[in-house]
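Visitor: Just dropping this structure here.
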Amino acid sequence: MSAATLRRLIVVALIALWEFLPRAGLIPELFLPSLSSTLAAGWNEAGEYGHALAVTLYEVAISMAFACGGGILLGAIVGSLPRPRILIMPMVSSLYAVPLVILYPVFTVWLGIGSESKIAFASIYGFLPTMLATAAGIQTIDPQLLLAARSMGATLSQRLVRVIIPAAIPTVLSGLRVGGALVIVGVVVSEMLISSAGIGYLISRYRTILDSPHVFAGVLLVLAMAIAFNAAIKWIERKAAIWQTGTRAGQDAAGEIAPTGLQPAT
Amino acid sequence: MQSGFAVKATRVAIVVALFAIWEILSRTGIVNPRLLPSASDTLATLGDLLQRASVRKDLVVTASEVATAFALAVPVGALIGFLIAENRYFADVAKPLLFFAFSIPKSIFLPMFILVFGVGFSQKVGFGFFSTIFIVIMSTTTAVESVKVEHLTVARSYGATPVQTAFRVYLPSMLPVLLEALRISMIFNLTGVILAEMYASRDGIGHQIATWGENFQMKQLLAGVVMIAAIAIAFNELVRWVETRCSHWRT
Amino acid sequence: MGGNTMQPLANITPLKPAGAIEVRNVGQVFKTTTQDVVALENVSLDVKPGRFVVLVGPSGCGKSTLLMMMAGLRQQTSGTITISGAPIPEPDPNRVGVVFQEASLFPWLTAEENVEFPLALRGVTKSDRRARAQDALKLVGLDGFGKRHPHELSGGMKQRVSIARGLVQDPPVLLMDEPFAALDEQTRMTMGDELLRIWAATGKTVVFVTHSLTEAVYLADEVIVMSPRPGRIVDHLQVSLPRPRTYEMLSGDAFGSLRDRIWRHIRKSA
Amino acid sequence: MGGNTMQPLANITPLKPAGAIEVRNVGQVFKTTTQDVVALENVSLDVKPGRFVVLVGPSGCGKSTLLMMMAGLRQQTSGTITISGAPIPEPDPNRVGVVFQEASLFPWLTAEENVEFPLALRGVTKSDRRARAQDALKLVGLDGFGKRHPHELSGGMKQRVSIARGLVQDPPVLLMDEPFAALDEQTRMTMGDELLRIWAATGKTVVFVTHSLTEAVYLADEVIVMSPRPGRIVDHLQVSLPRPRTYEMLSGDAFGSLRDRIWRHIRKSA
Amino acid sequence: ADTVRIGLPTKTYWPTTIAETAVRQKLFEKEGIKAELTIYRGGAETFEAMAAGAADVILDATSLVSAGRKKGVNSKVLANAAMGYYGWQLMTLSKSTLGVNDLKGKKVAITSAGSGSDLLALWTQQDKKIEFTRVPVGGGGLVPNLLAGNVDAAVVYSPLSFQISKSGEARTILDFSKEVPPNLAAGWIALDKYVQDKPQLVQKTLNALYGALMFMRANKDASVKLITELYEIPAEIAALEYENTIMKLETDGSMDGPKITEQLQLALDMAKAGGMKDLGPAAEIISTQFKPVPTKF
Ligand SMILES: Nc1ncnc2c1ncn2[C@@H]1O[C@H](COP(=O)(O)OP(=O)(O)OP(=O)(O)O)[C@@H](O)[C@H]1O
Ligand SMILES: Nc1ncnc2c1ncn2[C@@H]1O[C@H](COP(=O)(O)OP(=O)(O)OP(=O)(O)O)[C@@H](O)[C@H]1O
Ligand SMILES: Cc1ncc(C[n+]2csc(CCO)c2C)c(N)n1
Ligand SMILES: [Mg+2]
Ligand SMILES: [Mg+2]
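Chains as they are written, first to last, in the working numbering: chain A, 9 to 274; chain B, 26 to 276; chain C, 152 to 421; chain D, 152 to 421; chain E, 161 to 457.
This is the structure:
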């Protein structure tokens with residue numbers, strides 16, 4: 009049996025269990041409603057979920073732009089300048105060790121309970137891995153490539169656009185993959201904690217009134233977002249980085265997460 | 026060495042500056058001190074908290090949960106990670122699923138852990154384990170893949186047994202990556218346990234922090250956050266220190 | 152790559168003919184945190200246009216450093232260097248082309264795009280660029296491989312692309328720093344013949360760095376031997392073997408004695 | 152590393168003298184998911200004890216595969232291989248030592264610990280181990296460098312450590328797969344002389360793989376030339392140049408004609 | 161001795177004070193049982209813990225009991241703990257001039273959807289015929305978000321409400337303990353199965369809890385001291401909490417009084433207005449099996 013087949017079988021089995029376990033009464037519906045009742049609940053309130061999804065997607069998109077844009081920019085700066093790197097990287101890595109969630113309630117005070125606080129929180133959440141990966145990517149660029157470009161008379165900006173960025177793409181993408189996943193988690197978790205809109209809000213709201221089918225309908229939407237994001241990154245990887253096929257590092261970047269630059273998803 | 030000292034001094038200066046800004050913001054009322062008690066007040070509260078027997082007991086509880094979850098997650102995760110790294114088929118099956126599991130907010134599953142373990146030590150350890158294992162698996166895989174084929178061939182050519190290969194080639198080769206993995210796993214582990222404590226618990230420092238938060242006891246809350254941050258950073262630095270010691274042979 | 156499809160020389164008024172290299176009392180000192188490293192000391196050297204000059208010497212003697220200065224990639228601490236009669240304060244691909252090891256190709260570009268790279272930097276139009284890259288690729292015998300990425304090419308082919316990239320702007324001088332070091336000996340030999348063919352066809356001045364003494368004598372008009380750090384020129388040999396060079400010459404006495412002479416310098420310094 | 156400090160040969164009853172290698176009709180087929188790759192076909196070969204045999208052939212012809220089978224690291228698909236008269240179903244460091252490229256040293260161990268590694272695997276006591284590692288390091292000329300880590304050694308020094316590791320159990324046979332490939336030509340020449348000195352001092356049978364034809368002729372008693380895949384033996388040359396080999400011989404006619412003969416085989420197959 | 165695991169929804173909430181008193185006065189010991197107190201993150205979490213078998217007797221909103229029945233969690237209200245929302249107030253910043261009727265279109269902070277504060281917010285909307293946005297901010301978010309001006313008003317529970325009105329930062333614009341008609345908002349709850357298996361343990365637990373309440377009523381100083389300690393608040397606030405909350409709680413816990421069903425139904429109706437669906441009739445979740453006999457202290 010091919011690996012992909014087995015993997016699909018596992019997924020199908022999990023889905024079947026999701027339907028069967030609650031139906032058979034092996035797990036109370038409060039904790040896990042059957043898949044069908046979850047889907048039905050989602051369908052019945054499709055309008056509400058659609059609206060919440062729009063809010064969440066908006067927040068995810070903006071946070072993604074901040075986290076990824078900022079992460080790439082700062083990572084590029086820190087990665088290419090040795091002084092700030094020595095100074096900042098260990099501090100960033102330490103900061104990273106702090107479970108940030110505890111601070112979220114204080115966070116809302118500064119930025120309000122609207123989208124801003126979610127965006128800020130998720131941006132910071134996704135920013136660190138992207139930045140760390142980019143810095144690592146820039147740092148490991150073969151100096152030979154930069155030398156070659158210089159010998160052909162490339163200016164600083166030409167070197168940036170034509171050498172540094174393309175050379176860093178594989179590492180940056182693997183950073184984005186993690187950073188993006190964390191942005192989604194960050195938005196949803198902060199919506200769950202304090203908010204009045206979005207998927208996370210719906211999950212929380214339905215949870216406190218014990219309406220588990222609606223809770224899991226929200227969870228399903230989060231899963232769908234994660235899957236879609238993953239597919240998008242894969243697509244970009246294929247488009248942007250054909251050249252890395254053939255190198256071991258290249259193959260790894262396609263399916264792998266660099267362990268550096270991860271943060272606990274809550 | 027001198028520049029090393031300069032760097033350390035600058036880092037300390039940055040941290041001191043941050044605390045100073047915090048102090049000023051709060052003291053001058055630029056930020057409502059009810060919402061952000063001053064740094065000095067927070068540190069004083071921290072000192073006060075550390076005097077309390079109950080807080081110390083909470084710290085011990087959390088520490089034992091963290092240690093247990095870690096001691097369970099690391100070997101189990103390492104074993105699975107090893108299988109994935111060494112077996113192409115297993116890797117093809119498991120990797121996408123693992124990545125997916127990684128990108129789900131784990132807190133959704135907190136009630137499940139109460140369902141299975143009740144409330145107490147095992148539930149918190151269970152959730153800590155669950156939050157840690159994925160990252161252990163993924164980083165072990167990377168660590169195993171960092172072992173050079175040449176080194177394995179050398180060991181084989183000198184008739185090394187599997188156990189000898191494991192301890193004399195795999196382990197030292199993987200050590201730098203593995204330490205890095207341990208460091209990150211510990212971050213996940215700590216977050217997991219604290220989250221479980223915040224959600225439902227009788228004791229533990231996470232439980233205390235959540236309570237302080239719920240009751241708007243800002244000084245205690247911030248002191249707790251500073252305490253957790255200090256512990257996390259201390260652990261982080263410790264492992265990084267071991268890392269540089271252990272990989273002195275790396276150029 | 153006939154001169155006709157190529158851009159004319161940069162607008163400099165050469166005191167010397169295009170392709171002449173003049174190195175006068177050049178020194179290079181690297182300042183590091185701990186100490187100053189004198190990499191090169193009082194190096195003087197004249198290369199006439201169209202000559203094939205090979206630089207040899209023990210590792211760390213400053214060969215790459217000297218080449219970098221000739222390429223305008225690094226400035227000497229003392230002395231002067233002129234290329235085609237003018238100093239070279241910064242890289243000028245119209246005067247000097249540089250060829251590195253195969254690893255210096257951009258892996259995300261195709262062979263053809265790699266060769267076009269220096270032209271793209273100067274804003275040469277797409278079609279013009281493509282045409283000139285085709286010419287250069289044809290010259291190095293890679294007709295039809297333009298669409299491949301470096302990882303789809305063998306070591307020797309990658310090195311040809313690298314050479315084509317150095318040649319595409321038709322500079323009168325070509326600097327090559329151990330271009331064949333990453334190739335196995337057999338490919339290396341073939342590439343040597345190939346390089347001589349290209350050199351003969353284009354009439355460039357070539358400065359070539361290698362660790363292989365056989366390769367040095369086989370390729371060179373002149374071999375320059377350098378001493379360990381601080382790098383100085385300890386010998387300058389004229390290789391008067393006839394051209395085209397053939398594999399059989401390797402076993403000849405003339406060849407052997409030249410190589411022995413170099414080897415003695417190197418051995419002495421090791 | 153006198154024989155006296157070394158362990159006696161493994162307890163086999165040799166039909167042939169220690170150090171003899173016999174390869175009979177050996178084939179190797181790699182089964183991959185897409186197709187079967189015939190790497191070697193019907194290879195037969197006799198190496199008498201104490202001989203220095205060099206294997207050359209185009210890339211991918213199966214040289215490494217053949218060596219792996221002699222080392223017991225891979226089993227042939229057909230045919231038989233005996234070392235010192237007995238088959239070698241698994242690696243046996245008392246009969247066969249293997250020397251890889253410098254990159255195969257364990258970077259986390261010091262030079263001395265690297266050399267001790269094979270002994271440590273067999274539980275030799277610390278002091279005994281240390282003494283034998285010292286002998287082996289002295290033999291390769293690295294007295295006093297035992298406490299350094301590989302990254303603190305030059306390429307040539309690393310390769311010496313690698314050789315010492317292969318020699319430390321005093322096996323009658325030493326297999327070397329392109330041991331000098333990562334070294335520059337000058338270090339390579341010096342290492343070649345060094346290897347011949349060690350070989351002369353210990354009297355081992357050596358099978359040596361290289362891409363350098365000069366190196367092949369310079370080192371060998373016999374050169375075995377292989378064809379491209381499926382690998383077969385296409386020539387077996389006796390090199391009757393006197394020993395010790397000197398650098399001057401490289402320019403001699405005898406040397407040249409041997410190298411030419413090999414080159415023609417290789418060129419034909421390329 | 162048998163151990164009962166008591167689930168409490170919030171630390172600074174009167175049920176915690178009662179249970180803590182029972183422990184400190186050794187009332188559980190006097191009943192010959194042991195008690196293990198666990199404080200959860202809120203009513204829903206406490207209910208989940210009971211459903212999962214992690215808590216045996218809990219104090220929670222009665223509406224959750226009704227909602228749980230439709231999700232396979234069968235529990236009942238065993239004893240009536242509170243008939244009103246004591247100490248709960250709708251507050252604005254002192255410097256704000258808003259009154260209840262000005263809240264139209266404004267933002268009002270609540271702890272979480274379906275919580276007591278949410279029900280009160282909804283009740284206000286209906287009662288005053290105004291519409292505003294309810295924003296869930298969690299217990300810890302009420303005061304900060306009010307002070308930061310992120311919301312215009314907040315439904316605050318005691319003792320926080322007493323604290324910020326005392327400090328002058330906020331003022332009350334609606335006192336729910338006075339405005340909301342009596343309804344059975346909170347009760348002691350257990351799973352049917354647990355009641356069936358260990359009726360005596362449940363009885364003893366209720367005895368101890370109501371014994372604690374009696375003790376508190378009889379010992380003001382000791383109780384205020386306990387509240388001061390537990391909540392880490394000034395004694396004067398603790399005294400307010402004592403007077404306005406503890407002293408208002410139901411003392412006999414009886415579930416077979418004449419108006420119980422009606423008052424419970426009123427609580428469920430409020431919950432329905434709060435968005436809870438599938439709530440059965442009040443009678444379904446009443447258990448009259450126990451009558452707390454306060455343990456002598
Ligand atoms: N950026 C630098 N900072 C300090 N020292 C340097 C620097 N670059 C080179 N050197 C030193 O200058 C000397 C000459 O270096 P260079 O690379 O030119 O030698 P090389 O002859 O090319 O050696 P190789 O044969 O190994 O390529 C060396 O001793 C080297 O250590
Ligand atoms: N594990 C394997 N699976 C499939 N094919 C293999 C495997 N190992 C080697 N081969 C194939 O067997 C042939 C011989 O390989 P081998 O490595 O022995 O060649 P070689 O002569 O050592 O080449 P080189 O000079 O490049 O080192 C090659 O064509 C190679 O592709
Ligand atoms: C800080 C705080 N958070 C949540 C609740 C919610 N809650 C838990 S049980 C219950 C029933 C009594 O109304 C209610 C409302 C609260 N009371 N206090
Ligand atoms: Mg160099
Ligand atoms: Mg090979």
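The beta-carbon is built from N, C-alpha and C at its ideal position, and this holds for glycine as well.
These numbers come from a predicted model, not from an experiment.
Let me know if residue 282 of chain D comes out buried or exposed under the rule of 16 or more other beta-carbons within 10 Å of its beta-carbon.
Guide: As a working note, residue 282 of chain D is residue 131 in the fourth sequence. Its Cβ having fewer than 16 others within 10 Å, residue 282 of chain D is exposed.
Visitor: Helix, strand or coil for residue 273 of chain C per DSSP?
Guide: As a working mapping, residue 273 of chain C is identified with position 122 in the third sequence. Correct three-state label for residue 273 of chain C: coil.
Visitor: Would you say the beta carbon of residue 190 of chain D is closer than 6 Å to some non-hydrogen atom of ligand 6?
Guide: Inclusion of ligand 6 in the displayed structure is not the case, the ligand content consisting of ligand 1, ligand 2, ligand 3, ligand 4 and ligand 5 alone.
Visitor: Is it right to say residue 312 of chain E is buried, meaning 16 or more other beta carbons lie within 10 angstroms of its own, or is it exposed?
Guide: Along the fifth sequence, read from residue 1 onward, the residue named residue 312 of chain E stands at position 152. When all chains shown are included, residue 312 of chain E counts as buried.
Visitor: Give a yes or no on whether the minimum CB-CB distance between residue 269 of chain B and chain A is below 7 Å.
Guide: As a first step, residue 269 of chain B must be located in the second sequence, where it is residue number 244. Taking Cβ atoms only, chain A never reaches closer than 7 Å to residue 269 of chain B, which makes this a no.
Visitor: Put residue 377 of chain C into one of helix, strand or coil per three-state DSSP.
Guide: If you number the third sequence from 1, residue 377 of chain C lands on position 226. Of the three classes helix, strand and coil, the one that applies to residue 377 of chain C here is strand, per DSSP.
Visitor: In three-state terms, what does DSSP make of residue 73 of chain A?
Guide: Locating residue 73 of chain A in the first sequence gives position 65, counting from the first residue. Helix.
Visitor: Do residue 315 of chain E and residue 250 of chain E count as a contact pair if the criterion is CB distance below 7 Å?
Guide: Here residue 250 of chain E corresponds to residue number 90 of the fifth sequence, with the count starting at 1. Here residue 315 of chain E corresponds to residue number 155 of the fifth sequence, with the count starting at 1. Going by C-beta atoms, residue 250 of chain E is nearer than 7 Å to residue 315 of chain E.
Visitor: With a threshold of 16 other CB atoms inside 10 Å of the CB of residue 163 of chain A, please say whether the residue is buried or exposed.
Guide: Here residue 163 of chain A corresponds to residue number 155 of the first sequence, with the count starting at 1. Answer is exposed; the Cβ neighbour count stays below 16.
Visitor: For the alpha helix (DSSP H) that residue 160 of chain B lies in, which residues bound it at each end?
Guide: Taking the second sequence and counting its residues from 1, one reaches residue 160 of chain B at position 135. That run of the alpha helix (DSSP H) goes 146–170.
Visitor: For the stretch 135–169 of chain A, list every residue whose C-beta sits within 9 Å of some C-beta in chain C, in sequence order.
Guide: Of all residues in the stretch 135–169 of chain A, only 150, 152, 153, 155, 156, 157, 158, 159, 160, 161, 162, 163, 166 come within less than 9 Å of chain C when Cβ atoms are compared, listed by chain position.
Visitor: Would you list the residues whose beta-carbon is nearer than 7 Å to any heavy atom of ligand 4, in the order they occur in the chain?
Guide: C:214, C:215, C:328, C:329, C:360
Visitor: Please find out if some non-hydrogen atom of ligand 2 comes closer than 6 Å to the beta-carbon of residue 145 of chain B.
Guide: Stepping through the second sequence from its first residue, residue 145 of chain B is reached at position 120. Residue 145 of chain B Cβ: outside cutoff for every heavy atom of ligand 2.
Visitor: Taking the runs of the alpha helix (DSSP H) that are 4 residues or longer, which of them lie wholly in the stretch 101–176 of chain A?
Guide: 112–119, 123–147, 151–159, 164–167
Visitor: Go ahead and label residue 176 of chain E buried or exposed: buried means 16 or more other beta carbons lie within 10 angstroms of its beta carbon, across all protein chains shown.
Guide: As a position in the fifth sequence, residue 176 of chain E is number 16, starting the count at 1. Classification of residue 176 of chain E: buried, given that the 10 Å Cβ count is 16 or more.
Visitor: Under a CB-based cut-off of 7 Å, is residue 335 of chain D close to chain C?
Guide: In the fourth sequence, the residue the question calls residue 335 of chain D occupies position 184. Yes - at least one Cβ of chain C is within 7 Å of the one on residue 335 of chain D.
Visitor: Below 8 Å on the Cβ atoms is my guess for residue 241 of chain E versus residue 219 of chain E; work out the distance and round it to an integer in Å.
Guide: By 1-based counting over the fifth sequence, the position of residue 241 of chain E is 81. By 1-based counting over the fifth sequence, the position of residue 219 of chain E is 59. Residue 219 of chain E and residue 241 of chain E do touch by the CB rule: their CB atoms are close to 6 Å apart, below 8 Å.
Visitor: Could you spell out the range, first to last residue, of the beta strand (DSSP E) harbouring residue 200 of chain E?
Guide: Indexing the fifth sequence from 1 puts residue 200 of chain E at position 40. Where residue 200 of chain E is concerned, the enclosing beta strand (DSSP E) stretches over 194–200.
Visitor: Hey, is residue 269 of chain C's beta-carbon within less than 7 Å of any beta-carbon in chain A?
Guide: Position 118 of the third sequence, counted from the start, is the residue given in the question as residue 269 of chain C. For residue 269 of chain C, the answer is yes, since a Cβ of chain A falls inside 7 Å of its Cβ.
Visitor: In angstroms, rounded to a whole number, what distance separates the CA positions of residue 108 of chain A and residue 151 of chain B?
Guide: Translated into the one-based positions of the first sequence, residue 108 of chain A becomes position 100. Translated into the one-based positions of the second sequence, residue 151 of chain B becomes position 126. Using only the alpha carbons, I get a separation of about 21 Å.
Visitor: Helix, strand or coil: which one does DSSP assign to residue 376 of chain E?
Guide: The residue labelled residue 376 of chain E in the question sits at position 216 within the fifth sequence. The answer is helix: DSSP assigns residue 376 of chain E an H, G or I state.
Visitor: Is residue 271 of chain B near ligand 1 - that is, is its Cβ less than 6 Å away from at least one heavy atom of it?
Guide: Within the second sequence, the letter at position 246 stands for residue 271 of chain B. Because no heavy atom of ligand 1 lies under 6 Å away, the Cβ of residue 271 of chain B does not count as near it: no.
Visitor: Excluding the 5 residues preceding and the 5 following residue 228 of chain E in the sequence, name in chain order all residues of the same chain whose CB lies nearer than 7 Å to its CB.
Guide: Within the fifth sequence, residue 228 of chain E is the residue found at index 68, counting from 1. Cβ neighbours of residue 228 of chain E beyond the five flanking positions: 207, 211, 235.
Visitor: Rounded to whole angstroms, what is the Cα-Cα separation between residue 250 of chain C and residue 97 of chain B?
Guide: As a working note, residue 250 of chain C is residue 99 in the third sequence. As a working note, residue 97 of chain B is residue 72 in the second sequence. Straight-line Cα distance between these residues: approximately 55 Å.
Visitor: Please name the residue or residues paired with residue 173 of chain C in a DSSP beta bridge.
Guide: Looking up residue 173 of chain C in the third sequence gives position 22. BP columns for residue 173 of chain C point to C:197, C:233.
Visitor: Output the distance between the C-alpha atoms of residue 23 of chain A and residue 228 of chain A, rounded to the nearest integer angstrom.
Guide: Counting from 1 along the first sequence, the entry for residue 23 of chain A is found at position 15. Counting from 1 along the first sequence, the entry for residue 228 of chain A is found at position 220. For residue 23 of chain A and residue 228 of chain A, the distance between alpha carbons rounds to 12 Å.
Visitor: According to DSSP, simplified to helix, strand and coil, what is residue 291 of chain C?
Guide: The sequence position of residue 291 of chain C within the third sequence is 140, counting from 1. In the structure shown, residue 291 of chain C sits in coil (DSSP, three-state: anything other than H, G, I, E or B).
Visitor: How would you call residue 252 of chain D, buried or exposed, if buried means at least 16 neighbouring beta carbons within 10 angstroms?
Guide: Translated into positions along the fourth sequence, residue 252 of chain D becomes position 101. Buried, since its Cβ has 16 or more Cβ neighbours within 10 Å.
Visitor: So, is the C-beta of residue 228 of chain B closer than 7 Å to a C-beta in chain A?
Guide: For the purposes of this step, residue 228 of chain B is taken as the residue at position 203 of the second sequence. Under the 7 Å criterion on CB atoms, residue 228 of chain B is classed as non-interfacial with respect to chain A.
Visitor: Please confirm if the stretch 381–399 of chain E is in contact with the stretch 193–204 of chain E, defined as three or more CB-CB distances below 8 Å between the two stretches.
Guide: no
Visitor: Quick one: Cα of residue 193 of chain D to Cα of residue 387 of chain C, how far?
Guide: Locating residue 193 of chain D in the fourth sequence gives position 42, where the first residue counts as 1. Locating residue 387 of chain C in the third sequence gives position 236, where the first residue counts as 1. Cα-Cα distance, rounded: 52 Å.
Visitor: Measure from the alpha carbon of residue 412 of chain D to the alpha carbon of each residue in D:174, D:189, D:207, D:173, then state which is nearest.
Guide: Looking up residue 412 of chain D in the fourth sequence gives position 261. With distances taken between Cα atoms, residue 412 of chain D lies closest to D:207.
Visitor: Which residue's Cα is closest to the Cα of residue 408 of chain C: D:371, D:409, D:402?
Guide: In the third sequence, counting from the first residue as 1, residue 408 of chain C sits at position 257. Checking every option, the nearest Cα to that of residue 408 of chain C belongs to D:402.
Visitor: Taking 6 Å as the cut-off, is the C-beta of residue 185 of chain D nearer than that to any heavy atom in ligand 2?
Guide: Translated into the one-based positions of the fourth sequence, residue 185 of chain D becomes position 34. False, no ligand heavy atom lies under 6 Å from that Cβ.
Visitor: Using a Cβ-Cβ cutoff of 7 Å, what residues of the stretch 365–382 of chain C are near chain D? List them in chain order.
Guide: 365
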